[in-house]
Each structure stands twice: as structure tokens, then as C-alpha cells.
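Chains as they are written, first to last, in this note's numbering: chain A, 1 to 319; chain B, 320 to 600.
Every residue gets a Cβ at the ideal spot worked out from N, C-alpha and C, and that includes glycine.
Working notes, beginning with the structure itself.
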């Protein structure tokens, strides 16, 4: 396997969001940003400092923030409303449902600290249900980029896309390995490695782990195809079916519960279109706990070695 | 043409529309629709800067209105149709399969006059805050109006928005509450007391007036005063004292007609009390 993706230095994906938003502030005068008392955590400070009239502090009141964002959007602005993932999904589900998704307003819901890698704050803040909640809503586009560069590119891209978007990113510093000059195409999966024995569909922080898993598998003579599903909805069905057809074995890897996650989405698609043995690398019906992000990834079976184990297991199930 | 009728006659026709729509649908919310009829009549046929023929969802260059209490859809639809947003004949489709007149307002089918879905309560004030911010950012001098119910003020989000609007000095925001004192389960005071509503809004930093929500001239006057006070840096709350089921004697003052459709006999009785002016749809 060629070494295509090199870590150019660890960075947090939320900083990719902050950098993208800052750039949008300079290039698109209709972009406004809202935050619920987590401006620093969301890395929105640069935007807030340079464009104070377009930065709207909402205080600790997320329901009102979502409604206000919808009102800004319907009257012509492009609002980016940010908070922790739990607080812009579970806490405000009905607000998102009525005034963002059903009303099809051009709101960009920006969700930081998603998943278990939020770390030490513990399970109250570690949403692993958000992708499921958001992908159930008609009209909503759901995006979960994998590193700093891709998060920055996705942030810029969603401003050009007219419609409601859920953009998910995280807190910890993780490898930054995708090209800095990439163009982000919503709904277009990216093949990270080419392989024939198993496909690993990964999203978010698990893309890097999957690439590491592919390297380990290669040492055992197993050729793994890693596909970055940065857009959960709309899912790139063609890419999923083509790769599953080629390899005949599938692992899905995500920082989320099995319930409602990307894996279930892919399993459902393949059950209809191309039944294929499949293993989930995701959390099975558990809340998280406090700990360091890397410890938690290991504890909850979301690291490269868990992906390797799942890949070997699914290959053994091939007909 | 409708504009040539006195406001009181327009209001009477709208009340007939409400009763007939709800009867024809076999469901819906007549009580609050009848209590808020005069408020919306004064707003849409006298005080609001709007353009039914040239309506656009973004409301650029015009005043915007948001119905937060979405169950008041019968009065909303009648007011919009009678203003010229869509044919009055379409009122007959209320709550029917495939209709643009959903049980609670929706934008999915592109009904002119509706900027945002509502029905799940407590959200419209926040939405109106967002639109008011846009108008200020764009340097527009138009206003954003929103109507809430009184029971709706039991939702916490209303008070999040109340704090927000005052903090951000949204003086181009004019909110109105249909204060009829009733909600589905009974009088507000029995279900969940609102306390001193006027004092609450004042404490949140708003300009507040209480008005008779059935006196068309009084409604016009308080809306005008609210507009004139835009330089004071405060959002405006017009607490409109009204009566649930207004102008239909057996529906007046009781929560029983919050969300119930009159049968044929009841409808005839109601219509006998409401003068047909512009003409039924």
C-alpha cells in the first residue's frame, strides 16, 4: 500500500471549522455566526473579533439560538449556529425539526465536541446519537469530516449549498492528513486506499484509524479499501455499492452508537441492493464516560486495532 | 376590493371563514382564531407594510409577520386569502389531503404569506428575532411582527427570546400576545398561572402596553405607538386582552372551543351571529 496520506501535524477539527468560518466572513457578507456561550470552544473567536456586527451571542439558550438562526436564514442571511453537538441536536431537536428541516431554512448547524472524544467532561456532553437524530430529519444534509483540512473545506462548501446542513466536528487534536487545497464535494465519498479483500467505510475521526488499520492488515496480506464517508446524508450510494460488490466484505467505522449511525445506513442500503457480510465498529447501546480521548477510543473499541479485528472477522464470514 | 370594507366588516367575514373552515374540515382551532381575529385584521388591513401580490418568502423591503401560535391557522389563512395572497376558494381545502393549508402552517407547499412553519409552540418569537436582526443588518426600516398565544408563554423558549431581544435591542420587533386567558385544559390560571404578564415583560426589558384586543381603533393605535417608539432601543410587547371564541355566543370565554369543530347545527347557529359582508368563499 502506498503511503498516500501523511500526518502533517495534529490539529483539532473544530479549528478547521473556525478557520473556514473566518474565511467565509471575508468572502461572503451574508454569512453570520451565532453561538451559545461557547465561542472559544467552537473556535469562532476570529470571526467574532473581525466581524462583530455579524456575530450574534445568544447566551446559554440553544433553543432560541436555533429559532433565531432560522429567522435570519428565512430573511436572507446564511447563519452558522454553533455549540456542542449534544446541545444543537438532542437539546433542540424539535426546534431543528420545525424551523430548520421542515421549513427548509438555510441554517448551518455547527456541532463541535461530537462523540466520545470530547473526553473528560463525560457522558452528559458526549453525544453518540447525533448523526442518527439528524439523519432522520428530511431535507437535512449531514456532514462529518475527518480532519482539520477537510473540516475547513466543508465549512466553506456548505455556505455555497442552499439548504439546511448539520456539520459535525470534534474537540481533540488528531492527525491532519488530507490535502490543504481540497475542494469539498457534498455527497461524494472519497476512496482513501484501494483494496480488494474488505471495504472499510469510515467517517470523522475514524477515517485516520481506518487508514492505520489498512496498513496493519496489509502486513497480514489483506488488502483493505478505505472509503471516507464525510457526507452521511445524502449517502454516496454508488460508491458504497460498487466497493462492497468488489470486496464482498464491509466494516463500518464511526464515533457514534450503532443505533442510527452511518453503519446502519450502509447496512440498510446493502441489505436492499447488495447483501454483504458487515461488521460495525461503533458503540453498542452505551453512554460514554470521562477519560482521555485516546483511552476512550480504545476502551469503546473505536481504534485501529478494533477495526483490524472487525475486518478479519467479516472476511471470515465471506461465502 | 376587500380593502374598501370597514375593518369591522372584514373581521366579521373572517370570523365566518373561520367557523366554516373548521366545520368543513371537521377539526381545527376556532377559539383562539376568533379571539385574535381583530388583532390580525387591524394589522393586515391597516397597519402592516406588506405586498400580497409581490410577496417573497425573505420579506425583503417589507414588514414581516410570523404566527408563533400555529394552531391559529384558520384566522391566518382567512386573513391571508382576504388580503389577496391566494384565492379565497382555497380556504375550502383547509386540512384536506394535498392542501397548501395544512393543519398548522407549513412552507413545504409554498403557500404565499407563510415564512415559517409553526405549531410546536414557543418558537416564533425566536424566529422573529432572527428576522429583526436581518432587517437591522441590512439597514432596512421595516418591522417584524409576531403573534403568540398566552398559554404559549408557558414555553421556556419564549423567555429565552425575551431576554435575547432586549439584550440585542431589537426595537424593530413588535410582538403581540392574544391574551384570552384560556388554553386546552382550562383557564391559564388553573393550568399554569402566567402571573403578572405585564410586569414580567417589563422586567425582561421590553416596552409593554395592554390593549383591548377587540377594539380595532385601539389595536391600530398601539401598533402605531410601537412603531413610533423604535428609537428607544427596546422590543415591543402588545398584550391584547381578548376573549376566546369572540362573537359566537356559545364559544365565548370558555376553553371548550380551543380545538373543537362545530357540527352542522352549531355552525348554522354561529353563522347566524356573524354578518356576511364581503361574501363567503
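Which residue wins for smallest C-alpha separation from residue i, given the options the options?
i, options, result
"residue 187/A", "161/A, 11/A, 44/A and 176/A", "161/A"
"residue 140/A", "96/A, 182/A, 122/A and 313/A", "96/A"
"residue 220/A", "312/A, 28/A, 5/A and 82/A", "312/A"
"residue 189/A", "243/A, 212/A, 164/A and 8/A", "243/A"
"residue 445/B", "432/B, 427/B and 476/B", "476/B"
"residue 66/A", "26/A, 110/A and 288/A", "110/A"
"residue 49/A", "59/A, 33/A and 64/A", "33/A"
"residue 60/A", "81/A, 53/A, 70/A and 54/A", "81/A"
"residue 128/A", "281/A, 63/A and 229/A", "281/A"
"residue 552/B", "479/B, 325/B, 493/B and 332/B", "493/B"
"residue 85/A", "294/A, 58/A and 36/A", "36/A"
"residue 503/B", "470/B, 484/B and 523/B", "470/B"
"residue 480/B", "505/B, 455/B, 454/B and 447/B", "447/B"
Compare the C-beta of residue i with all C-beta atoms of chain A and state if any pair is closer than 9 Å.
i, result
"residue 454/B", "yes"
"residue 327/B", "no"
"residue 471/B", "no"
"residue 434/B", "yes"
"residue 509/B", "no"
"residue 445/B", "yes"
"residue 577/B", "no"
"residue 425/B", "yes"
"residue 347/B", "no"
"residue 395/B", "no"
"residue 383/B", "yes"
Would you verify that the beta carbon of residue i is, or is not, closer than 9 Å to some beta carbon of chain B?
i, result
"residue 79/A", "yes"
"residue 110/A", "no"
"residue 64/A", "yes"
"residue 103/A", "yes"
"residue 95/A", "yes"
In chain order, what residues of the same chain have a beta carbon less than 7 Å from the beta carbon of residue i, not counting five sequence neighbours either side?
i, result
"residue 531/B", "537 and 560"
"residue 134/A", "89, 140, 142 and 166"
"residue 351/B", "388, 390, 391, 468, 497, 499, 563 and 577"
"residue 521/B", "527"
"residue 529/B", "517, 558 and 560"
"residue 105/A", "70, 73, 74, 99 and 164"
"residue 404/B", "371, 374, 431 and 432"
Based on DSSP bridge pairs, tell me the residues matched to residue i.
i, result
"residue 498/B", "560/B"
"residue 222/A", "For residue 222/A, which the question treats as bridged, DSSP gives no partner whatsoever."
"residue 83/A", "111/A"
"residue 35/A", "57/A and 82/A"
"residue 383/B", "463/B"
"residue 479/B", "None; residue 479/B has no bridge partner."
"residue 228/A", "190/A and 202/A"
"residue 173/A", "12/A"
"residue 279/A", "251/A"
"residue 166/A", "109/A and 142/A"
"residue 493/B", "464/B and 555/B"
Between residue i and the rest of its own chain, which residues show a CB-CB distance below 8 Å, the 5 nearest in sequence each way excluded?
i, result
"residue 583/B", "342"
"residue 284/A", "257 and 258"
"residue 348/B", "341, 390, 391, 392, 393, 577 and 578"
"residue 328/B", "594, 596 and 597"
Just to confirm my understanding: we take residue i, look at its own chain, exclude 5 residues before and 5 after, and list those with CB closer than 6 Å. What are they?
i, result
"residue 443/B", "385, 387, 437 and 465"
"residue 231/A", "143, 186 and 187"
"residue 41/A", "none"
task: Report yes or no: do the segment 187-207 of chain A and the segment 239-251 of chain A share at least 3 C-beta pairs separated by less than 8 Å?
output: Yes, the segment 187-207 of chain A touches the segment 239-251 of chain A.
Counting Cβ pairs, one atom from each stretch, are 3 or more of them under 8 Å apart for the segment 64-80 of chain A and the segment 488-495 of chain B? no
Give a yes or no on contact between the segment 40-57 of chain A and the segment 5-25 of chain A, applying the rule of three or more CB pairs nearer than 8 Å.
yes
| task | Decide yes or no for the touch test of the segment 179-186 of chain A against the segment 249-264 of chain A: beta carbon pairs closer than 8 Å, at least 3 of them. | result | no
Taking 8 Å as the threshold, find out whether the segment 408-415 of chain B comes into contact with the segment 121-134 of chain A through three or more Cβ pairs. no
- request: Report yes or no: do the segment 366-386 of chain B and the segment 457-468 of chain B share at least 3 C-beta pairs separated by less than 8 Å?
  value: yes
How do the segment 567-574 of chain B and the segment 364-371 of chain B stand: do at least 3 beta-carbon pairs fall below 8 Å, yes or no? no
Fill in: Cβ contact (3+ pairs, closer than 8 Å) linking the segment 113-120 of chain A and the segment 284-294 of chain A
yes
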